[in-house]
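Undergrad: Note that my numbering has the sequence shown beginning at 14, numbered continuously upward. Don't be surprised by glycine CBs; every beta carbon is placed ideally from N, CA and C. Note that the structure is predicted; figures quoted are calculated from it, not measured.
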Amino acid sequence: MGKLLVVGSMAFDTVRTPFGEATEVLGGSATYFATAASFFTSVDLIAVVGEDFPEHHLDFLRSRGIDLTGLERRSGKTFRWRGEYTYQLNEAHTLETQLNVLETFRPTIPDQYRAPDMLFLGNIDPELQLEVLNHVHRPRVVACDTMNFWIDGKREALWRVLEQVDVLIINDGEARALGQDANLVKVAKDTLARGPKHLIIKRGEYGVLMFNEKRVFGAPAFPLEMVKDPTGAGDTFAGGFMGHLAATGDLSDANLRQATIFGSVMASFTVEAFSLDRLRTLTFHDIQNRFREFKRLTHFEDVS
Ligand code: AMP
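1) Should T244 be flagged as near chain D, meaning a C-beta pair shorter than 8 Å?
2) On the DSSP letters alone, give me the boundaries of the alpha helix (DSSP H) that N161 sits inside.
3) Output needed for K167: all residues of its chain with C-beta closer than 8 Å, excluding positions within five of it in sequence on either side, in chain order.
4) On the criterion of 16 or more Cβ atoms from any shown chain inside 10 Å, does P152 qualify as buried, or is it exposed?
5) For the putative contact between T117 and W94, defined by C-beta atoms under 8 Å, what is the C-beta separation to the nearest angstrom?
6) Pull up the DSSP beta-bridge partners for K215, would you.
7) Mind checking whether the beta-carbon of G40 lies closer than 7 Å to any heavy atom of the ligand AMP?
8) Give every residue of the same chain whose Cβ lies closer than 8 Å to the Cβ of E97, excluding the five residues on either side of it in the sequence, and list them in chain order.
9) Taking only three categories from DSSP, how would you classify F287?
10) Can you pull the DSSP bridge partners for V62?
11) Are there 16 or more other CB atoms within 10 angstroms of the CB of H298, so buried, or fewer, so exposed?
12) What separation, rounded to the nearest whole angstrom, lies between the Cα atoms of V284 and T244?
13) Going by the beta-carbon positions, is the gap between F133 and A251 smaller than 8 Å?
14) Check whether the Cβ of F162 sits closer than 7 Å to any heavy atom of the ligand AMP, and report yes or no.
15) Return the residue from the list D290, K308, R303, A206 that minimises the CA-CA distance to T44.
16) Find the nearest neighbour of P123 within the set P67, T159, S76, L58, judged by alpha-carbon distance.
17) Below 6 Å CB to CB, which residues in the same chain sit around V155 once its five sequence neighbours on both sides are set aside?
18) Between the alpha carbons of W163 and P236, how many angstroms are there, rounded?
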């Protein structure tokens, strides 16, 4: 089983959706990613929190077997994100971003983290993503996420990251902003020509598309009766995807497709509740069952 390293944010999120709201709840790209991936493999985490971050959140991550040696606690306040979703649940509207301790964060990488099999660069400042990338032995797979905040604000640094990335996992709005084109197929072609070998575009309730130079694979989102809070869907998708790759060590096309479905399964559970609440009670058995439901959902016969 390959070691998986993640760098990203740990946060207090304040979120409003048409179905309720949650104030200062556990969130952050690294938190969601690591928790989802921990169902598949062991995860090492690099992030920063402030003095205000309660120990019980860390106890939860430890209970999932996540290694927190690389978690720094600094004086100051934890990163905070405030967002809102309308009935169009696919798009988060950021109301406020308080970087706080993330503003001056310089990741230090514990010696035992320096040779990860796989690395996930979660959504943080691309300069920090680069710093981590440059201080580990080249992993077999480097995957990366980002968001408009960085695409607009740190485009050049972001491209320096993407040149070294194997899998870029972003949503459709971010893909259009990055590629500066409305057509996702064209954006995929242009992006793949500049670095990433695979581009996964998440399209919320419409599912995902995975592009590489030769092929495109599409999977729907799981049809859910109740979506309460889409926050973390992207990161838990990435956690399921990378977790499965790290657990199997298999980079074949068939396995990348399976990883895409595991990612979709993890995202579908996450959105059923606010924060990471659904993941707290989830079992691997639940994950396998929903994976099989996905298989049935998309199965059809060939023409005779
Ligand atoms: P997603 O999976 O895309 O819904 O990511 C949601 C998480 O990203 C939330 O828990 C936020 O705390 C975190 N987040 C939002 N904005 C930023 C940012 N600018 N930098 C790092 N993390 C962020």
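TA: Taking the geometry as given:
1) Protein chains in the displayed structure number just one, and chain D is not present.
2) 161-166
3) D138, P139, E140
4) buried
5) About 18 Å; that fails the 8 Å criterion.
6) DSSP output for K215 lists N184, V221 as bridge partner(s).
7) True, at least one ligand heavy atom lies under 7 Å from that Cβ.
8) V28, R29, T30, A105, H106, L108
9) Three-state DSSP puts F287 in coil, outside helix and strand.
10) R86
11) exposed
12) 7 Å
13) yes
14) yes
15) D290
16) L58
17) L132, V178, D179
18) 31 Å
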